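**Student:** Protein chains in written order, with the working numbering: chain X, 2 to 325; chain D, 98 to 277.
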């Protein structure tokens, strides 16, 4: 989909792309199409028989080079509800431990002609690499610190479900901005959809590129949370904390942790979001995580519907061909 | 292009079908209406209103999107996917007599998909098919129980049902030879 086509004002009714590598390449019309389709998909999860035959005969490989419970399970449930055949490859049990490279692993899988590969990898850009060498559709399930597009889409879906819109909302994102692919995908999405986005972290965890997004950057959590419609917390990624970004977890929790007290500054109908897994008592207190404003479990439930929408829309392929 | 049914005719036809439904089912007990998106949905709602005027009883009404059940969904190796819309069947269809409502009956493939979709919601006592127009050319062994109007057509003709709720006015139009 070119920008010219979009400017002609035609409503987008299909994703004419092979892969979903990031939110950065998507237009706001394509994002809206995915979210609208996800609404239809969500209803399937409430039926007695939670399965439709849409992707019958399609093979989807879930290739996960990093540990993941919720994303992998969510994709797998989404694939099964669409009747695709699924195959899970987790790193610990694969030939990668024997020294095989990503490209060789991908080409080996590709030789068995899957239709789609859902890839989670610790290196930023791994999905772009595979998209160039594979005929299968590549869906990014998180690559390094680059993007995690389906997480941003499910966050947007959850916000839209409650607030009926994204444009004009104040969204405050607090946490580890430096290492977060969820943040990058969310910033692309929220700015494309017209939300007023604030990001907040200790200065050591604020990457230079934040300015590029046109968001408000602050290290005062109260400013970020004040009058916010949505407060999104990002996990302090203990496994990526080799450098000394702040003096202690306790200090982080005291200065930036989301507590009921701080939340009083936000709008009365504020939504609390967290992509999980949570560090309770660090970026979020248990009272907030389990409190009435928390939509953290709705996010998980909506993840399945959003991933069904992405799988369904990408199964059509990239080429434009008139269908009857 | 000729108008084969105008607004009055559509109105009278739906009232007649509503009477037939009540007569054949000896009342409205266990009945429910399910419209096939897009134009089956407003027709189902109109039938529900007509049945209420006759018997005073509300008949539960739902909407079915059959896109994910289409038999041509993955037949095109590449191409844009049809848009999926919401299915809204908020009542249990178990042991109900379901009146499946569509605007035009043609090849029967949409009805086949709708039957599959319905069965995923439970086990109805019976399914009856209501269509405003039957234009022939069936490709599957499917037959309507209630027909508004039989319109003989050539395969290449196009039958268009337009409804107030979606198109702004009521009419059924026949275009010869599919000249768009």
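C-beta: ideal position from N, C-alpha, C; glycine also. Note that the coordinates shown come from a computational prediction; the quantities given were computed from them, not determined experimentally.
1. Report the residue from 92/X, 47/X, 128/X and 114/X whose alpha carbon sits nearest the alpha carbon of residue 184/D.
2. Name the chain D residues whose beta carbon is nearer than 8 Å to that of residue 48/X?
3. So with CB distances below 8 Å, who are the chain D contacts of residue 44/X?
4. With residue 130/D and residue 141/D assumed to form a contact (beta carbons below 8 Å), what rounded beta-carbon distance in angstroms separates them?
5. Considering Cα atoms alone, identify which of 215/D, 133/D and 148/D is closest to residue 300/D.
6. In terms of residue numbering, what span does the alpha helix (DSSP H) encompassing residue 128/X cover?
7. Cβ of residue 127/X less than 8 Å from any chain D Cβ?
8. Using the Cβ count rule (16 or more neighbours within 10 Å means buried), how would you classify residue 64/X?
9. Mark residue 134/X as exposed unless 16 or more other C-beta atoms lie within 10 angstroms of its C-beta, in which case mark it buried.
10. Residue 237/D to residue 153/D, Cα distance in whole Å?
11. Starting from residue 63/X and walking both ways along the beta strand (DSSP E), at which residues does that stretch end?
12. Contact defined as beta carbons within less than 8 Å: I believe residue 258/X pairs with residue 285/X. What is the distance between those atoms, to the nearest angstrom?
13. Specify, as a first and last residue, the run of the beta strand (DSSP E) that residue 107/D falls within.
14. According to DSSP, simplified to helix, strand and coil, what is residue 210/X?
15. Can you list, in chain order, the residues of its chain whose CB lies under 7 Å from that of residue 219/D, leaving out five sequence neighbours each side?
16. Can you have a look at residue 6/X and say buried or exposed, based on whether 16 or more other CB atoms are within 10 angstroms of its CB?
17. Quick one, are the C-beta atoms of residue 254/D and residue 229/D less than 8 Å apart?
18. Closer than 9 Å, Cβ to Cβ, to anything on chain D: give me those residues from the region 52-71 of chain X, in chain order.
19. Is it buried or exposed for residue 147/X, if we count other Cβ within 10 angstroms and need 16 for buried?
20. I need the boundaries of the beta strand (DSSP E) containing residue 1/X, first residue and last residue.
21. Along the region 242-273 of chain D, where does the CB come closer than 9 Å to a CB of chain X? Name the residues.
22. Taking C-alpha atoms, which residue in 262/D, 233/D and 196/D lies nearest to residue 127/D?
23. Report the option in 218/X, 271/X and 182/X whose CA atom is closest to the CA atom of residue 145/X.
24. Contact check, residue 271/X vs residue 231/X under 8 Å by CB: the rounded distance?
25. Excluding sequence positions up to five away, which residues of its chain have a Cβ less than 6 Å from the Cβ of residue 233/X?
26. With residue 226/X as the anchor, note down where its alpha helix (DSSP H) starts and where it stops.
27. Could you check which residue in 27/X, 255/X, 34/X and 13/X has the C-alpha nearest to that of residue 188/X?
28. With respect to 7 Å, is the separation between the Cβ of residue 127/D and the closest non-hydrogen atom of the ligand HEM below this value?
29. Could you tell me whether the Cβ of residue 38/X comes closer than 8 Å to any Cβ of chain D?
30. Could you tell me whether the Cβ atoms of residue 61/X and residue 85/X are closer together than 8 Å?
31. Reducing DSSP to helix, strand and coil, say where residue 252/D ends up.
32. Leaving aside the five residues before and after residue 210/D along the sequence, list all residues of the same chain whose C-beta is less than 6 Å from its C-beta, in chain order.
33. Could you tell me the boundaries of the beta strand (DSSP E) in which residue 247/D lies?
34. Do you know whose CA, among 24/X, 278/X, 39/X and 269/X, lies nearest residue 294/X's CA?
35. Mind checking the region 123-143 of chain D against chain X and listing, in chain order, the residues whose C-beta falls within less than 8 Å of any C-beta there?
36. Just to confirm my understanding: we take residue 234/D, look at its own chain, exclude 5 residues before and 5 after, and list those with CB closer than 8 Å. What are they?
**Tutor:** Working from what's here:
1. Taking the first residue of the second chain as 1, we reach residue 184/D at position 87. Ranking the options by Cα distance to residue 184/D, first place goes to 47/X.
2. Taking the first residue of the first chain as 1, we reach residue 48/X at position 47. Those within 8 Å of residue 48/X in chain D are 217 and 218.
3. The residue given as residue 44/X occupies position 43 in the first chain. Ordered by position in chain D, the residues that pass the 8 Å Cβ test against residue 44/X are 183, 184 and 185.
4. Along the second chain, read from residue 1 onward, the residue named residue 130/D stands at position 33. Along the second chain, read from residue 1 onward, the residue named residue 141/D stands at position 44. Residue 130/D to residue 141/D, Cβ: 4 Å. Contact.
5. The requested residue 300/D is not part of the displayed model; chain D covers only 98 to 277.
6. The count along the first chain starts at 1 and reaches residue 128/X at position 127. That run of the alpha helix (DSSP H) goes 127-134.
7. Walking along the first chain from the start, residue 127/X turns up at place 126. With 8 Å as the cut-off, residue 127/X does not count as an interface residue toward chain D.
8. Stepping through the first chain from its first residue, residue 64/X is reached at position 63. Residue 64/X should be labelled buried.
9. The count along the first chain starts at 1 and reaches residue 134/X at position 133. With fewer than 16 other Cβ atoms within 10 Å, it is exposed.
10. Taking the first residue of the second chain as position 1, residue 237/D is located at position 140. Taking the first residue of the second chain as position 1, residue 153/D is located at position 56. Distance between the alpha carbons of residue 237/D and residue 153/D: 37 Å.
11. Position 62 of the first chain holds residue 63/X. Segment 60-65, the beta strand (DSSP E) holding residue 63/X.
12. For the purposes of this step, residue 258/X is taken as residue 257 along the first chain, with counting starting at 1. For the purposes of this step, residue 285/X is taken as residue 284 along the first chain, with counting starting at 1. So it is a contact: roughly 7 Å between Cβ atoms.
13. Counted from its first residue, the second chain places residue 107/D at position 10. Run containing residue 107/D: none in the beta strand (DSSP E); it sits in the alpha helix (DSSP H), 104-121.
14. Taking the first chain and counting its residues from 1, one reaches residue 210/X at position 209. Residue state, collapsed to three classes: helix.
15. For the purposes of this step, residue 219/D is taken as residue 122 along the second chain, with counting starting at 1. The residues are 189, 190 and 191.
16. For this step, residue 6/X is matched to residue 5 along the first chain. Here the model assigns residue 6/X a pLDDT of 42, short of 50, so the residue's position is not dependable, and the following value carries that caveat. Residue 6/X comes out exposed.
17. Numbered from 1 along the second chain, position 157 holds the residue referred to as residue 254/D. Numbered from 1 along the second chain, position 132 holds the residue referred to as residue 229/D. Cβ atoms of residue 254/D and residue 229/D: not closer than 8 Å.
18. 52, 53, 54, 55, 56, 57, 58 and 59
19. Taking the first chain and counting its residues from 1, one reaches residue 147/X at position 146. Buried, because 16 or more other Cβ atoms sit within 10 Å of the Cβ of residue 147/X.
20. Coverage of chain X is limited to positions 2 through 325, which leaves residue 1/X absent and any answer about it impossible.
21. none
22. Walking along the second chain from the start, residue 127/D turns up at place 30. When each option's Cα is compared against that of residue 127/D, the closest is 196/D.
23. For the purposes of this step, residue 145/X is taken as the residue at position 144 of the first chain. The shortest Cα separation from residue 145/X among 218/X, 271/X and 182/X belongs to 182/X.
24. Taking the first residue of the first chain as 1, we reach residue 271/X at position 270. Taking the first residue of the first chain as 1, we reach residue 231/X at position 230. Contact holds; Cβ gap of about 7 Å.
25. As a working mapping, residue 233/X is identified with position 232 in the first chain. Once the five neighbours on either side are set aside, the close Cβ partners of residue 233/X are 174 and 274.
26. To locate residue 226/X, count along the first chain from 1; it is residue 225. Residue 226/X -> alpha helix (DSSP H) spans 222-226.
27. Locating residue 188/X in the first chain gives position 187, where the first residue counts as 1. Closest by alpha carbon: 27/X.
28. In terms of ligand content, the structure shown is empty, and the ligand HEM therefore cannot be addressed.
29. Numbered from its first residue, the first chain carries residue 38/X at position 37. It does; some Cβ of chain D falls within 8 Å.
30. Position 60 of the first chain, counting from 1, holds the residue named residue 61/X. Position 84 of the first chain, counting from 1, holds the residue named residue 85/X. Closer than 8 Å, so yes.
31. Reading the second chain from its first residue, position 155 is the one you call residue 252/D. Correct three-state label for residue 252/D: coil.
32. The count along the second chain starts at 1 and reaches residue 210/D at position 113. Excluding sequence neighbours, residue 210/D sits near 163, 166 and 167.
33. As a first step, residue 247/D is located in the second chain; it is residue number 150 there, counting from the start. Unbroken beta strand (DSSP E) run through residue 247/D: 243-247.
34. The sequence position of residue 294/X within the first chain is 293, counting from 1. That would be 269/X, whose Cα lies nearest to the Cα of residue 294/X.
35. none
36. Sequence index remark: in the second chain, residue 234/D carries index 137 (1-based). Cβ within range, chain order: 203, 204, 250 and 252.
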